[in-house]
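In terms of the working numbering, the sequence shown has 36 at position 34, counting the first letter as 1, and numbering is strictly consecutive. We put the CB at the ideal spot given by N, CA and C, even for glycine.
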Amino acid sequence: MRKTSTAKTSTAKTSTAKTSTAKTSTTAAASARTAAGAKATTARKAPKAESHLAMVRRARRINRELAEVYPYAHPELDFRNPFELLVATVLSAQTTDLRVNQTTPALFAAYPTPEDMAAAVPEEMEEIIRPTGFFRAKTKSLLGLSAALRDEFGGEVPGRLEDLVKLPGVGRKTANVVLGNAFGVPGITVDTHFGRLVRRWKWTDEEDPVKVEAVVAGIFPKSEWTMLSHRVVFHGRRICHARKPACGACPIAPLCPSYGEGETDPEKARKLLKYEMGGYPGQRLSPPADYPGKPAPALGAE
């Protein structure tokens, strides 16, 4: 009797083991099917790669939308002539346009022409432009470009890119600012804001400003280059900030492939808006007549 009982027990254990193995195999197979299904679903839901033509159309629509949001877009440096714009743009490196605008009234009162600036005492100029930072290097550039304008261009700022970039402290970005806004020659200004936004919008993944300029120039007609630059920079300074974009308050959010990098809650996003978009003063002490915001305060009056 004990042998029979033992045999039955052994048979029962074997049966249980087979059942357990079968269940494990069934579970594993089910898991495999679920995983395969998930991958298939993910594959089906993955967005299609955007064609170059589709990107160009989206980029041009962004430009049209920005034109409606910022119809008053303009260079945010105060200037009255090409020389003042050239000097102000050189001073704007590594600082804000606001700080430059607060500094240049005293600078141009002391040195209104290239001839006057070329003859300046370096230490005296350094003291005037100290608030803009890197004042020794900037003084050297201003003295050099002023002397070049006096000696090589009859005291006049040249209206050609190839001449401007030969001046001390003047690169393509500065040259395009001057050409576009003082001479009406179309140019794309690739500053930090411009480069950041065109990469967020997937117009290009280039980092080099010259390459970015070339790519964007191929997307838009020449007639749009200067105003496009203003609109993109305006948007970067007011809404699409470097560290925390105000995505929830962005008027072109539906066109932005990087939506969600910043604050998406509308109320919280609105608190991130800067300058006139947030109800604050702009960067110019003397803004254009159609500017909807408040003029910036003079140096020391903040």
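Among the options, nearest to residue i - alpha-carbon criterion
| i | options | result |
| --- | --- | --- |
| Pro-73 | Val-234, Leu-257, Thr-266, Glu-269 | Val-234 |
| Arg-82 | Ala-75, Ala-177, Ile-64, Thr-106 | Thr-106 |
| Val-192 | Ser-231, Arg-132, Leu-55, Val-102 | Ser-231 |
| Thr-2 | Leu-55, Gly-182, Phe-155 | A query on residue 2 cannot be resolved here, the shown segment of the chain reaching from 3 to 304 and no further. |
| Ser-94 | Glu-126, Ser-53, Glu-215, Ser-143 | Ser-143 |
| Ala-255 | Glu-226, Pro-297, Leu-199 | Leu-199 |
| Ile-190 | Ile-221, Arg-132, Arg-60, Gly-171 | Ile-221 |
| Leu-100 | Pro-84, Val-89, Asp-80, Ala-112 | Asp-80 |
Burial state of residue i (16 or more Cβ within 10 Å)
| i | result |
| --- | --- |
| Arg-138 | exposed |
| Pro-290 | exposed |
| Ala-244 | exposed |
| Ala-184 | buried |
| Gly-186 | exposed |
| Val-102 | buried |
| Pro-124 | exposed |
| Gly-171 | buried |
| Pro-77 | buried |
| Arg-59 | exposed |
| Ser-288 | exposed |
Cβ neighbours of residue i in the same chain (closer than 8 Å, five flanking residues each side left out)
| i | result |
| --- | --- |
| Tyr-277 | Arg-239, Arg-240, Pro-283, Gly-284, Gln-285, Gly-295 |
Coil, strand or helix - residue i by DSSP
| i | result |
| --- | --- |
| Lys-296 | strand |
| Pro-114 | coil |
| Gly-302 | coil |
| Ala-42 | Residue placement at Ala-42 is poorly supported in this model, since its pLDDT is 36, which falls under 50; the coordinates still yield a value, given next. It is helical. |
| Pro-283 | strand |
| Leu-55 | helix |
| Ser-225 | helix |
| Arg-245 | coil |
| Gln-96 | coil |
| Tyr-277 | helix |
| Val-172 | coil |
| Arg-101 | helix |
| Pro-107 | helix |
Contact set for residue i: own chain, Cβ-Cβ below 6 Å, skip 5 residues either direction
| i | result |
| --- | --- |
| Gly-135 | Gln-96, Thr-97 |
| Asp-292 | Tyr-74 |
| Thr-266 | Cys-249, Gly-250 |
| Leu-301 | Gln-104 |
| Cys-325 | Residue 325 lies beyond the range of the chain shown here (3 to 304); nothing can be said about it. |
| Ile-130 | Ala-108, Leu-109 |
Nonlocal neighbours in the same chain, by C-beta distance under 7 Å from residue i, ignoring five residues either side
| i | result |
| --- | --- |
| Gly-262 | Cys-249 |
| Phe-110 | Glu-86 |
*Any contact of the segment 233-250 with the segment 205-213, i.e. 3+ C-beta pairs under 8 Å?*
no
*Spell out a yes or no on whether the segment 146-159 and the segment 106-116 are touching, meaning 3 or more CB-CB pairs, one atom from each, closer than 8 Å.*
yes
*Is the segment 56-75 close to the segment 145-152, with three or more CB pairs under 8 Å?*
no
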